[in-house]
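Numbering (the working numbering), first residue to last: 204 to 258. All C-beta atoms, glycine included, are put in the ideal place defined by N, C-alpha and C. For reference, the structure is listed below as structure tokens.
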């Protein structure tokens, strides 16, 4: 039963992503760009932290 629910949710998520990219490509690009910026900010913060530990 849990496997069936998981499979339905995964396929629903894939369908939503395809729909989102197909019908709102600018918004999808902005979401990916924002997520990339967040990851870069986290990496920069960790780099600054470790640099201050060593210095």
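Taking 7 Å as the cut-off, the beta carbon of residue 231 is found closer than this to the beta carbon of residue 223. Put simply, the backbone Cα of residue 210 is about 44 Å away from that of residue 254. When DSSP states are grouped into helix, strand and coil, residue 204 belongs to the coil group.
In this chain, the alpha helix (DSSP H) harbouring residue 246 covers 228-257. Residue 207 has its alpha-carbon roughly 16 Å from the corresponding atom of residue 218.
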